[in-house]
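Inspection log for the structure reproduced underneath, given as structure tokens.
There are 6 protein chains.
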Amino acid sequence: MRLQTVTWQEVESYLEGSKGVIIPIGSTEQHGPTGFVGTDAICPETIAKGVMEETGAMIAPTLSIGMAQHHMAFTGTITFRPTTLIAVIRDVVESLHRHGFERFFFLNGHGGNIATSDAAFSEIYANFSLGVSGTDRSPPRCTMVNWFDGPDIETLSEELYGEANGAHATAAEVSLTYYAYPEDGARIARNSKLEPEIAPWGPIRDADDYRRRFPDGRIGSDPTLASVADGKRLYDTAVSEVSRRYRDFLAED
Amino acid sequence: MRLQTVTWQEVESYLEGSKGVIIPIGSTEQHGPTGFVGTDAICPETIAKGVMEETGAMIAPTLSIGMAQHHMAFTGTITFRPTTLIAVIRDVVESLHRHGFERFFFLNGHGGNIATSDAAFSEIYANFSLGVSGTDRSPPRCTMVNWFDGPDIETLSEELYGEANGAHATAAEVSLTYYAYPEDGARIARNSKLEPEIAPWGPIRDADDYRRRFPDGRIGSDPTLASVADGKRLYDTAVSEVSRRYRDFLAED
Amino acid sequence: MRLQTVTWQEVESYLEGSKGVIIPIGSTEQHGPTGFVGTDAICPETIAKGVMEETGAMIAPTLSIGMAQHHMAFTGTITFRPTTLIAVIRDVVESLHRHGFERFFFLNGHGGNIATSDAAFSEIYANFSLGVSGTDRSPPRCTMVNWFDGPDIETLSEELYGEANGAHATAAEVSLTYYAYPEDGARIARNSKLEPEIAPWGPIRDADDYRRRFPDGRIGSDPTLASVADGKRLYDTAVSEVSRRYRDFLAED
Amino acid sequence: MRLQTVTWQEVESYLEGSKGVIIPIGSTEQHGPTGFVGTDAICPETIAKGVMEETGAMIAPTLSIGMAQHHMAFTGTITFRPTTLIAVIRDVVESLHRHGFERFFFLNGHGGNIATSDAAFSEIYANFSLGVSGTDRSPPRCTMVNWFDGPDIETLSEELYGEANGAHATAAEVSLTYYAYPEDGARIARNSKLEPEIAPWGPIRDADDYRRRFPDGRIGSDPTLASVADGKRLYDTAVSEVSRRYRDFLAED
Amino acid sequence: MRLQTVTWQEVESYLEGSKGVIIPIGSTEQHGPTGFVGTDAICPETIAKGVMEETGAMIAPTLSIGMAQHHMAFTGTITFRPTTLIAVIRDVVESLHRHGFERFFFLNGHGGNIATSDAAFSEIYANFSLGVSGTDRSPPRCTMVNWFDGPDIETLSEELYGEANGAHATAAEVSLTYYAYPEDGARIARNSKLEPEIAPWGPIRDADDYRRRFPDGRIGSDPTLASVADGKRLYDTAVSEVSRRYRDFLAED
Amino acid sequence: MRLQTVTWQEVESYLEGSKGVIIPIGSTEQHGPTGFVGTDAICPETIAKGVMEETGAMIAPTLSIGMAQHHMAFTGTITFRPTTLIAVIRDVVESLHRHGFERFFFLNGHGGNIATSDAAFSEIYANFSLGVSGTDRSPPRCTMVNWFDGPDIETLSEELYGEANGAHATAAEVSLTYYAYPEDGARIARNSKLEPEIAPWGPIRDADDYRRRFPDGRIGSDPTLASVADGKRLYDTAVSEVSRRYRDFLAED
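Line order of the protein sequences matches chains A, B, C, D, E and F.
So that you can map any letter, position 62 of the first sequence is 131 in my numbering, and since no number is skipped, the others follow by simple counting.
So that you can map any letter, position 17 of the second sequence is 86 in my numbering, and since no number is skipped, the others follow by simple counting.
So that you can map any letter, position 23 of the third sequence is 92 in my numbering, and since no number is skipped, the others follow by simple counting.
So that you can map any letter, position 209 of the fourth sequence is 278 in my numbering, and since no number is skipped, the others follow by simple counting.
So that you can map any letter, position 17 of the fifth sequence is 86 in my numbering, and since no number is skipped, the others follow by simple counting.
So that you can map any letter, position 170 of the sixth sequence is 239 in my numbering, and since no number is skipped, the others follow by simple counting.
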């Protein structure tokens with residue numbers, strides 16, 4: 070069930086059967102010369118749709134903007150300050166929590182969101198832990214799952230690309246977005262000879278430092294290996310793996 | 070050009086020809102027994118795609134969550150606190166402003182966003198007006214246009230529904246979403262006899278007060294009049310009108 | 070009853086008969102070459118005193134500073150950032166709400182306050198709507214009435230000045246302040262030939278943009294038409310109209 | 070010159086001769102059974118008018134609400150949270166500082182404001198001290214003077230009331246407000262037998278604790294000693310002393 | 070009992086006998102050419118250990134960083150913005166309050182902390198005073214005691230140094246730190262001829278202004294008079310006086 | 070060089086040779102029946118002293134309180150909300166950055182700090198990345214190193230305790246604190262039979278959930294294996310490994 074295309078009464082009915090919700094969260098940021106600016110939002114949004122079909126989970130609207138300050142030296146990137154993203158996540162969780170949702174499964178497409186989301190969950194819990202929450206409800210339970218780091222998806226990414234998968238603008242995520250938007254993928258994939266073939270690695274700091282280290286935006290990847298066909302395989306694997314992890318989360322005591 | 074499905078280099082090229090961007094902004098909130106929870110995000114997102122085709126404008130990802138505290142007594146609604154939405158808009162504008170965007174056209178689908186967005190624009194301007202902005206760039210220029218209140222769209226809505234269009238869960242917005250999602254529309258439209266036919270009017274306060282006044286969520290509307298065919302007409306009119314207003318905004322001295 | 074010149078026991082007695090309070094809210098900002106910097110605070114403060122006499126309402130101290138970032142390129146203007154004004158309104162309402170006040174009628178003199186005050190009301194309601202208010206009291210009920218836009222006052226302003234009333238440093242508000250401070254009015258009214266007679270119109274953005282568009286501060290007005298005699302008529306009309314609207318607000322179900 | 074009743078051009082002229090401004094700051098809070106809720110705002114506002122006449126200083130609008138959480142168990146009290154008051158003072162100072170004001174003299178009527186205002190000044194300075202102010206202007210210089218604790222006014226208060234002056238709802242401040250509002254003073258002064266004659270002393274904590282310690286709101290005072298005649302003497306002394314201190318502040322290297 | 074070196078069960082046992090806790094709070098800031106950057110943290114930490122031995126009080130970890138923006142023009146100084154320090158104190162008090170602590174005795178070593186801490190206490194109380202605290206517990210009770218301004222310690226400081234004690238980088242506090250860290254003291258004390266012998270006095274504003282007025286960092290002091298032997302006497306006196314004040318605070322009704 | 074026990078001129082001299090600083094950061098929280106509440110602060114503080122001796126690094130005062138909301142159901146725990154800790158880290162870094170420090174090495178003792186500190190670094194960078202930093206300095210460079218997860222220390226912990234080291238109240242950290250405070254260690258180590266010997270594992274959420282899953286506070290550990298002798302070995306290994314990582318960080322291009 071997609072929250073966006075149901076009525077409020079249908080949400081009420083859903084809650085009789087489940088207290089879980091999946092919230093896709095991504096980012097709007099450069100993904101190298103052959104990747105979409107929206108890569109990190111498109112991936113979890115696409116996978117979430119599959120998980121919805123497999124598990125019947127409620128899917129909240131995608132949070133398309135994340136914490137991406139380090140990509141700001143590349144045109145088109147949008148970032149939330151961490152404190153803004155904390156407020157965003159807090160308000161989303163508090164809203165759905167009031168309605169009776171209890172288990173919040175953030176399906177994430179962007180490494181840069183992990184720390185801040187974890188901080189956001191603690192910010193939410195803290196009012197309960199300090200005993201000042203102002204509500205009688207039990208605390209919500211939040212988790213974040215990155216579609217790209219389960220054992221199955223990592224095995225497949227390794228099989229498909231080995232080291233060339235990389236850490237940013239990875240071959241795997243680019244494949245997945247080409248699968249989701251094949252025409253746009255075809256357009257930008259023409260642009261396909263990159264120098265060097267495999268991008269460098271390094272630490273992540275502020276935006277200018279990032280651009281100095283990673284001049285075309287990629288980290289450690291050769292995304293010219295990406296293809297729609299790979300994207301389909303990655304999609305199937307991710308949907309199946311994330312569905313399992315979602316069910317585990319609901320079953321958690 | 071959709072920011073989400075282009076590369077950062079394509080954004081750079083775009084900026085050589087235009088400094089404008091359209092940011093669809095909506096809400097995730099109840100829209101009565103026959104309207105989608107995502108109505109207010111779906112409408113501007115749908116229209117923005119048409120405006121993009123007509124004007125070549127860059128479309129940023131939809132901000133799907135808005136200020137909807139008054140709908141919180143209906144399951145499924147998500148709200149940002151006003152101060153959260155101010156931070157969200159500030160960060161989005163500051164991010165794109167750094168890249169050289171200068172004109173920010175928020176295409177809005179939700180009345181509840183208007184005041185807070187206006188406050189957000191002033192929060193952004195204030196650092197410039199106080200002389201403490203910390204950047205050498207000229208201030209961004211922001212405007213918000215509600216797709217539902219231009220003269221053409223109001224005339225058409227009046228023609229189609231007269232008084233029964235209403236103020237929340239309007240027949241016009243419901244038509245537009247049925248046009249965008251006809252299958253989902255068909256499912257919920259079955260549910261079509263509402264009591265009373267035309268919902269009551271009244272002031273908007275906190276969530277419990279809202280539910281007391283407007284028991285099924287609608288204000289002043291009979292959305293059972295909605296249809297896909299109307300949605301198509303509304304869409305065409307809105308695309309044309311919003312395109313004109315976007316061009317006017319770019320041309321503004 | 071003016072809150073400032075009664076004892077706390079007198080406030081307690083007042084609450085036995087009414088739960089309403091009027092809070093004049095204005096701004097400290099340029100009002101063109103013939104208007105007071107304090108125009109927007111003086112007008113609601115003056116009218117509120119009349120409404121108090123007519124209705125017996127409790128009048129809180131005037132909030133003399135508002136959201137006026139767009140006037141900051143004119144010397145003497147003071148602005149709150151929108152987030153500051155939200156905090157100010159929240160604390161005032163929460164304070165009086167704790168004592169048992171339930172209906173908060175903000176009598177406003179400044180267009181620039183409208184959006185932010187509306188956001189502030191939603192910020193206050195949001196804790197109730199999200200179920201985390203931390204108090205057992207019912208939510209407060211807030212409204213903002215602009216003294217200058219009721220039907221009676223608009224008719225009179227039109228009758229007195231027609232188009233020359235304008236949108237900022239209006240002839241009507243300047244008249245009202247001359248009525249309140251005739252000596253100061255006489256001093257500055259000497260300065261009476263303005264160029265052009267009727268100021269231009271345009272959109273409102275940051276402060277430098279404002280000054281570029283509206284070089285002497287006025288928008289659309291010819292305030293040299295202002296007079297003490299007009300101010301008296303405007304005062305009488307406003308007091309009567311605002312009194313009616315205040316009573317309606319108290320009676321609202 | 071009262072900022073509220075001059076034009077922006079008059080403020081510009083003022084700045085050619087002085088960079089100083091006086092900002093009366095008070096509170097809206099209980100002042101015992103014979104004192105006005107607005108006592109702490111009325112006193113500095115009244116004295117500031119005298120200082121203006123004596124020194125030609127610019128007087129900003131009175132900040133009538135302060136930090137008064139400890140009085141919240143008495144009906145009618147309004148408080149800003151300290152963080153709100155810090156934002157208020159910051160915005161006022163930043164606004165006037167942009168126009169060229171350099172010396173900010175807060176004339177204070179409320180002990181509860183002292184700590185928070187001092188924190189606010191440091192909050193303003195901190196951006197300069199950390200080198201991140203975002204402006205080229207030199208930092209503003211802020212001071213707070215309590216009208217009630219200069220040597221002259223303390224001597225007179227001691228002479229008039231000795232120990233019965235007290236610490237809250239003092240005989241001196243009540244006299245000063247009766248001088249400013251003799252009719253209202255006459256009304257409430259009838260209420261004149263207090264039990265005990267001189268109120269108790271003690272530490273200040275939260276609101277309920279305050280009421281437990283100081284059941285009628287006074288601390289250490291017998292304000293039934295207050296009179297209009299005393300108020301006149303206190304006014305003259307305060308105007309003279311504050312004028313001297315304002316001139317000293319302007320002259321400070 | 071030092072909170073840092075006991076188990077949580079030992080804290081539980083402690084609470085059966087006392088609800089009090091001592092929180093040393095200092096600063097990390099320049100203390101002239103012969104004083105430690107950590108002077109203001111070392112003094113209350115050192116004294117607190119003695120008070121713990123004398124009274125059995127629980128000692129929380131030292132808050133070593135305070136509000137020191139005015140010292141920022143001297144290398145090594147660290148400052149919290151006042152709003153940061155307010156959040157720090159609020160979280161510390163709320164945390165221990167949840168566990169059952171009721172009396173919070175901040176033992177302070179830095180004048181610059183006084184105002185902001187007082188604001189912080191009011192920020193904490195305000196939620197209770199406004200009736201929105203979200204907890205059923207009674208409000209915490211907070212006080213701040215400066216080790217350097219009790220009657221006994223002032224008498225001794227006067228006896229030892231007279232006027233040369235000064236206001237910043239005082240001879241007394243430097244002695245106390247030499248007593249705590251004699252080797253480090255010996256190293257820097259060599260550096261002992263200061264010009265002028267007794268530093269100037271003046272007001273405190275932003276950092277650059279401070280450095281202009283007080284070129285080597287001291288205010289009004291000749292800390293070359295400091296010695297380990299004096300430090301020992303000051304320590305004994307402070308421990309005894311602070312112990313008495315702590316016991317008084319616990320006994321306060 | 071310990072920042073706390075040097076003069077500001079000594080800090081200036083230090084900066085001629087190095088731009089690096091080590092900031093120990095820990096937590097004040099339960100560590101099971103045999104661990105100190107201050108474990109997570111004591112460990113990095115102790116190791117930092119050794120690293121200082123080995124590398125000559127400047128050591129800032131320990132930030133003893135961290136993000137520990139999940140431990141709040143155990144008496145004695147203190148937590149910062151994540152947004153508070155972000156402000157704390159931002160102010161510390163901005164302060165030292167103004168003085169010329171460029172490389173900020175946070176030596177961490179608490180897993181719960183990792184996410185929030187990472188968010189804090191991004192919050193600091195974001196002003197630079199968005200181009201609104203208000204300073205001309207280059208951005209600071211921040212890293213966090215957990216003393217407990219370098220390869221050498223992990224190997225030794227594994228060798229000493231195998232699986233019984235665990236995840237909270239680990240045998241390794243308890244050993245290290247017994248080494249630092251042998252007397253206190255001896256006192257609490259008596260308390261040595263735990264049930265079950267090895268504590269359970271599980272996810273971390275709010276405080277009550279934590280206590281339900283981990284009734285005595287430990288996660289996965291048997292800290293009764295801890296000893297002073299082990300602590301010495303762990304100390305030596307950590308000092309050597311952290312020193313190497315600090316030097317690497319300084320040398321990073």
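Idealized CB from N, CA, C, for every residue including glycine.
Computed from a predicted model, the values in this text were never measured in an experiment.
Per DSSP, the continuous alpha helix (DSSP H) segment holding B:Arg159 begins and ends at 151-167. In the three-state reduction of the DSSP assignment, B:Thr131 falls in the coil class, being assigned neither a helical nor a strand state. Contact between B:Thr246 and B:Thr144 does not hold, since the beta-carbon distance rounds to 19 Å and is not under 8 Å. A:Asp187 and A:Thr74 have their C-alpha atoms roughly 29 Å apart. By the 16-neighbour rule on beta-carbons within 10 angstroms, B:Ala110 is buried. Under the three-state reduction of DSSP, B:Pro292 is assigned to helix. In terms of beta-carbon proximity, B:Ser198 lines the interface with chain C, with at least one pair separated by less than 8 Å.
For B:Ser202, a Cβ of chain D is located within less than 8 Å of the residue's own Cβ.
If you draw a 10 Å sphere on the C-beta of F:Thr224, you find fewer than 16 other C-beta atoms in it, and that means exposed. Within the segment 132-159 of chain D, the residues whose Cβ lies closer than 7 Å to any Cβ of chain C are, in chain order, Ser133, Ile134, Met141, Phe143, Thr144, Gly145, Thr146, Ile147, Thr148, Phe149, Arg150, Thr153, Ala156, Val157.
At a C-beta separation below 8 Å, C:Tyr194 has these neighbours in chain B: Gln138, His139, Arg274, Asp275, Ala276. Among the bridge pairs identified by DSSP, D:Thr97 is matched with D:Ile147.
Counting only Cβ-Cβ distances below 7 Å, D:Glu81 has contacts in chain C at Thr144, in chain order. A check of alpha carbon separations from A:Pro209 across A:Trp270, A:Tyr279, A:Phe217, A:Val162 identifies A:Val162 as the nearest. For a Cβ distance threshold of 8 Å, nothing in chain F lies close to B:Arg210: the least Cβ distance comes to about 17 Å. Taking 4 residues as the minimum length, the alpha helix (DSSP H) runs contained wholly in the segment 227-269 of chain D are 240-249, 251-258, in order along the chain.
Of the other Cβ atoms in all chains shown, 16 or more fall within 10 Å of the Cβ of D:Asp160; this residue is therefore buried.
Bridge pairing for B:Thr212: B:Phe174 [DSSP].
Residues of the segment 257-272 of chain F with a Cβ closer than 8 Å to any Cβ of chain A, in chain order: Pro272. The Cβ atoms of F:Leu199 and A:Met141 lie closer than 8 Å to each other. Its chain contains Glu310 as the residues whose beta carbon lies nearer than 6 Å to that of F:Gly219, once the 5 sequence neighbours on both sides are disregarded; these appear in chain order. D:Glu163 has a beta carbon lying within less than 8 Å of a beta carbon in chain B. For A:Phe217, there is no enclosing alpha helix (DSSP H), as DSSP gives it neither H nor E.
Residue pairing for E:Val90: DSSP places it in a beta bridge opposite E:Met127, E:Phe173. Where B:Leu199 is concerned, there is no enclosing alpha helix (DSSP H), because DSSP gives it neither an H nor an E. Sequence-distant partners of E:Tyr230 (beyond 5 residues in either direction) whose C-beta falls short of 6 Å from its own C-beta, in its chain, are Ala240, Leu294. CA-to-CA, the gap between B:Phe197 and C:Ala276 works out to about 8 Å.
Secondary structure of E:Arg206 (DSSP, three-state): coil. Counting only residues of its own chain and dropping the five nearest sequence neighbours on each side, B:Ile155 has a CB closer than 7 Å to the CB of Thr185, Ala188, Ala189, Glu192. A distance below 8 Å separates the beta carbons of F:Arg314 and F:Val214. For A:Arg71, the three-state secondary structure derived from DSSP is strand. Residues of the segment 103-114 of chain F with a C-beta less than 9 Å from any C-beta of chain E: Thr103, Gly104, Phe105, Val106, Gly107, Thr108, Ala110, Ile111, listed in chain order. For A:Trp216, the closest Cβ of chain B is not nearer than 8 Å.
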